[in-house]
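In our numbering, the protein residues as written are -13 to 408.
We put the CB at the ideal spot given by N, CA and C, even for glycine.
Written below as structure tokens is the structure these notes are about.
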Ligand code: LLP
């Protein structure tokens, strides 16, 4: 066997032996670099970097991202509680999402978040009522639907065009700002868009920016001065050699427009901060050949990493240790789940491993663990953070007992105590 792959200076073989597989491994240094790239590209405007918690809400990662000065973009009460526990100040939190409940609006108001991004008139009405009842005026912006067609690799992650459920059409949004400008329970502070995910080109952002600035300028003429513009997230990363968005090129175009108007900029990157910082370690259970086709069966599946199965997404997969003389084959790399859609890669050229060998699935820091499930009775994997040359377990592997927590087996109807009957 040759050299062993490493993460943050630590051998992946040692990590697998110590923590077991499947295992998510994150490199704190790469997360820091992710945050720094935004901070330096946009250093000449006041920036709130609101990390999209949905990409990876693990407390340890949130804590480190917050410590670097970032805030958070959340979409649920569950994410609000995580962010609070991780120590990110509420004043740096943006509450997004098309279906916030009354309870969530109330919790956000009580926490004192930076702003809500409302996506319908009905939500604005409800927010006003809740804010009035609590005596806590709501800071808010509207999420526009700019009707931009963004070239994302998957249809499900295109969110900026008119046919999606997201945002409010521009004309309607402007009318809403104007109509509710005097509502004492509402304080309109910003305007936002999010046009999609894994966008590798600058152009769709500029198109959206143009629309947003048009709204900002027209509102100002009508006497409504907003504080910030939020361009959302979606900045592409390098799953393959290309695919990464050129942040500097984007900043060069965006910064003058924002500065010129004395605005603040909010960005909501998820993937661009954590995506490349994570890998998934899997152990090969079996290999088999059916006619001319090779299958490599690993202990990681669609329940640990849904993206290949759900979107047909590509993730690089490399043997942790290369085997001298191993033939290169074209193989489906699959998990144990009983679905033919359960695969990590299809038709992938790879040096044929042997049972017991380890594979590293790359660029899975975003939407990896976050989309993990218990389907097929599978505990969710452990997570390890590598920092300062040390590996720390930051989430235990779920236990078999965890899988049944909260469930009961009721007695049969005839055997129930009469007092239980309603
Ligand atoms: N802001 C809003 C309002 C969003 O809806 C999203 C992602 C983001 C920011 C962050 O996008 P990012 O920078 O991470 O691309 N599960 C899919 C991605 C769904 C993204 C949903 N919204 C995937 O695995 O690619």
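Here DSSP, grouped into helix, strand and coil, assigns residue 7 to coil. Residue 282 and residue 5 have their C-alpha atoms roughly 22 Å apart. In the structure shown, residue 29 adopts coil according to DSSP, grouped into three states. Using a Cβ distance threshold of 8 Å, residue 213 and residue 175 count as a contacting pair. For residue 106, the shortest separation between its Cβ and any heavy atom of the ligand LLP does not lie below 7 Å.
Sequence-distant Cβ neighbours of residue 63 in its own chain, meaning closer than 6 Å and more than five residues away, are 90, 93. The stretch 303 to 316 makes no contact with the stretch 37 to 49: fewer than 3 CB pairs, one atom from each, lie closer than 8 Å.
If you draw a 10 Å sphere on the C-beta of residue 197, you find 16 or more other C-beta atoms in it, and that means buried. The alpha carbon of residue 194 has as its nearest neighbour, out of 204, 33, 216, the alpha carbon of 216. Annotation for residue 81 indicates a beta carbon at 7 Å or more from all heavy atoms of the ligand LLP.
Rounded to whole angstroms, the gap between the alpha carbons of residue 248 and residue 151 is 31 Å.
Membership of residue 49 in the alpha helix (DSSP H) is indicated by the continuous run 45 to 53.
A distance criterion of 7 Å places the beta-carbon of residue 186 beyond contact range of the ligand LLP, judged by its closest non-hydrogen atom.
DSSP, reduced to helix, strand and coil, places residue 380 within a strand of the structure shown. Residue 357 has its Cβ nearer than 7 Å to a heavy atom of the ligand LLP.
In this structure residue 257 is in contact with residue 352, their Cβ atoms being roughly 4 Å apart against a cut-off of 8 Å.
Proximity to residue 75 across 342, 49, 366, 167 peaks at 49, based on C-alpha coordinates.
For residue 203, the enclosing alpha helix (DSSP H) covers residues 189 to 207. Residue 129 sits in a strand when the DSSP states are folded into three classes.
For residue 241, the uninterrupted alpha helix (DSSP H) segment begins and ends at 233 to 246. Sequence-distant Cβ neighbours of residue 83 in its own chain, meaning closer than 6 Å and more than five residues away, are 61. Distances from the CB of residue 255 to the heavy atoms of the ligand LLP include at least one below 7 Å. Taking 7 Å as the cut-off, one finds no heavy atom of the ligand LLP near enough to the beta carbon of residue 148.
When C-alpha distances from residue 112 are compared across 127, 98, 87, 100, the shortest belongs to 87.
The nearest non-hydrogen atom of the ligand LLP is 7 Å or more from the C-beta of residue 28. Its chain contains 223, 224, 225, 261, 262, 264, 265, 301, 302 as the residues whose beta carbon lies nearer than 8 Å to that of residue 349, once the 5 sequence neighbours on both sides are disregarded; these appear in chain order. For the pair residue 369 and residue 45, the Cα-to-Cα distance works out to about 11 Å.
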